[in-house]
Ligand SMILES: Cc1cc2nc3c(=O)[nH]c(=O)nc-3n(C[C@H](O)[C@H](O)[C@H](O)COP(=O)(O)OP(=O)(O)OC[C@H]3O[C@@H](n4cnc5c(N)ncnc54)[C@H](O)[C@@H]3O)c2cc1C
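This is the structure:
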């Protein structure tokens, strides 16, 4: 069976390998010259930058995926557990979240009375939610409102705190502002506002405190390499620099796929390209299941101001993952979600993989990756970027306590217009759709098209959502759906 996969992000590569293994004759079309999508790698002057993901979480999801090929993670890369897992820079103190639970319990005891006990209880409920979801719902196709009546989900409703939000949940457990922020910050970097993110995502705290924060030696690009090698093994034909320009539909079936380099007549099409682009730009209007009004009504996840910096010196105060929470983040949220503008006092994330990995920077140098969540759809010009760059450098100098400007030997800014141009991202979003109440689980866009029989969707817009592990799970779901439909 001939199948086309549109887009070689983690979603596209992972579904292509699975379809290839299931006997399809797969062609994977990617508009950029490199594969990996948001998880691409950029190399410059001895520095190796992961362009997007830098947190390797939920290691068992990767194992689950590779098991389809009778492989394990260790067949592809060496995984290191980071300790400390990450460092948080608050204005009044710098705190490390350790790989050891007892250290974190002690830390929370220092943050507030009975902090250890409260943290343990909070993590227990987070673990319950995680295990409940992973046990069944995470790997299920929840397309469509009817799946709301899925018996597993109905039974789990109370356990998953479906109707409460993560801000309320952390307030219920903790008094300390710092304790609450430690448990909420990852939601922020995954594109959400804690006040509008279901409490079930508190499972993220189980993921980072209990399951650990890991790092594939050589960088997250190793995941893309692993997926590419599986594609090669199953004869997936990967064509880069080829953009899909149209899907021609007759009688509810795609009959041909137009590209910048000829056309194809596949039986099955899986799109990993950004969902709004696939629907609004590639399909005839009549066959769009989600039209412009639908996307306009959605809360689109933030874009990002991303800096890739090569420094000609080492920075001692940093660890691998650093979260800078120097300001009250309420104003930052408002500037993302309510009154879109460039954040005046941002919360941001700073990754320094050269702390643990000497393959990503020349000796004596530091590889720095900075992300500031910004509102999708705001103005992005070279002048604005440069001004913002200077502002960020100044703030980083304050946080790390030493000058940076003259030590920058490699510099690249990647922001809203690059997300839009490079990935066809709607409004330049970095990660797609937020995980709000109305955009999670069965409310996320479907894996299958209701209007086109041989069209499927994988990737971060679909259930279970944003992140590399989630894209792998989505691909497993889609490969199963294709198998059922075409067995
Ligand atoms: C700055 C940043 C930091 C992140 N940090 C983390 C992290 O630490 N941990 C984590 O797990 N996740 C992280 N994420 C999220 C994670 O990277 C994504 O959720 C995941 O990589 C999405 O994969 P995808 O396959 O759904 O989409 P994409 O990677 O966007 O893949 C889609 C592909 O389709 C291609 N395409 C689009 N239109 C066409 C067309 N018409 N024809 C052909 N090809 C097309 C695009 O070029 C792209 O390659 C981060 C993301 C960003 C941007």
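Numbering (the working numbering), first residue to last: 8 to 494. Each residue gets a CB set at the ideal place from its N, CA and C atoms; glycine is no exception. All figures in this text were calculated on a predicted structure; none of them were measured in a lab.
- Looking at 215, 220 and 231, the one whose alpha-carbon comes closest to that of residue 83 is 231.
- Per the DSSP secondary-structure output, residue 410 pairs with nothing in a beta bridge.
- Under the three-state reduction of DSSP, residue 173 is assigned to helix.
- The three-state secondary structure of residue 334, taken from DSSP, is coil.
- A distance of 7 Å or more separates the beta carbons of residue 87 and residue 241.
- When Cβ pairs closer than 8 Å are counted between the two stretches, the segment 427-444 is seen to touch the segment 378-395, the count reaching three or more.
- Per DSSP, the beta-bridge partners of residue 205 are 172.
- Between residue 69 and the set 222, 446, 291 and 306, the nearest pair of CA atoms involves 222.
- Rounded to the nearest whole angstrom, the C-alpha separation of residue 114 and residue 122 is 8 Å.
- Judged by beta-carbon spacing, residue 238 lies within the 7 Å limit of residue 24, meaning their Cβ atoms are closer than that value.
- According to the DSSP secondary-structure assignment, residue 244 is paired through a beta bridge with 34.
- For residue 255, the CB stays at least 6 Å from every heavy atom of ligand 1.
- By the C-beta criterion, the segment 336-356 is judged to be in contact with the segment 179-198, since at least 3 inter-stretch pairs fall below 8 Å.
- Counting along the chain, the unbroken beta strand (DSSP E) around residue 310 starts and ends at 310-318.
- Leaving aside the five residues that flank residue 105 on each side, the residues in its chain whose CB is nearer than 8 Å to its CB run, in chain order, 90, 91, 92, 111 and 114.
- Taking 6 Å as the cut-off, one finds no heavy atom of ligand 1 near enough to the beta carbon of residue 79.
- Bounds of any beta strand (DSSP E) do not take in residue 484; it lies within the alpha helix (DSSP H) bounded by 475-492.
- Taken from the Cβ of residue 311, at least one heavy atom of ligand 1 lies inside 6 Å.
- If you look at residue 373, you'll find it in the beta strand (DSSP E) that goes 373-381.
- Excluding residues up to 5 positions away in sequence, 250 lie with their Cβ nearer than 6 Å to the Cβ of residue 38 in the same chain.
- For residue 44, the number of other beta carbons within 10 angstroms of its own is at least 16, and it is reported as buried.
- The alpha-carbon separation between residue 267 and residue 10 amounts to approximately 18 Å.
- Taking non-hydrogen atoms of ligand 1 into account, the C-beta of residue 150 is found less than 6 Å away from none of them.
- In the three-state scheme derived from DSSP, where H, G and I count as helix and E and B as strand, residue 217 is classed as helix.
- The straight-line gap separating the alpha-carbon atoms of residue 461 and residue 274 is approximately 7 Å.
- For residue 329, DSSP records a beta bridge to 94 and 357.
- Annotation: the continuous beta strand (DSSP E) that includes residue 10 extends over 9-13.
- Between the alpha carbons of residue 147 and residue 484 lies a distance of about 7 Å.
- Distance from the C-beta of residue 250 to the nearest heavy atom of ligand 1 is below 6 Å.
- Taking the Cβ of residue 61 as the reference point, at least one heavy atom of ligand 1 falls within a distance shorter than 6 Å.
- Closest in alpha carbon position to residue 228, among 63, 467 and 456, is 63.
- In the structure shown, residue 66 adopts helical secondary structure according to DSSP, grouped into three states.
- Boundaries of the beta strand (DSSP E) harbouring residue 51: 48-51, taken from the DSSP string.
- Distance check between residue 75 and each of 28, 366, 130 and 333 places 28 closest, using alpha-carbon atoms only.
- 467 is the residue among 40, 303, 467 and 335 whose C-alpha sits nearest the C-alpha of residue 280.
- The alpha-carbon separation between residue 313 and residue 494 amounts to approximately 44 Å.
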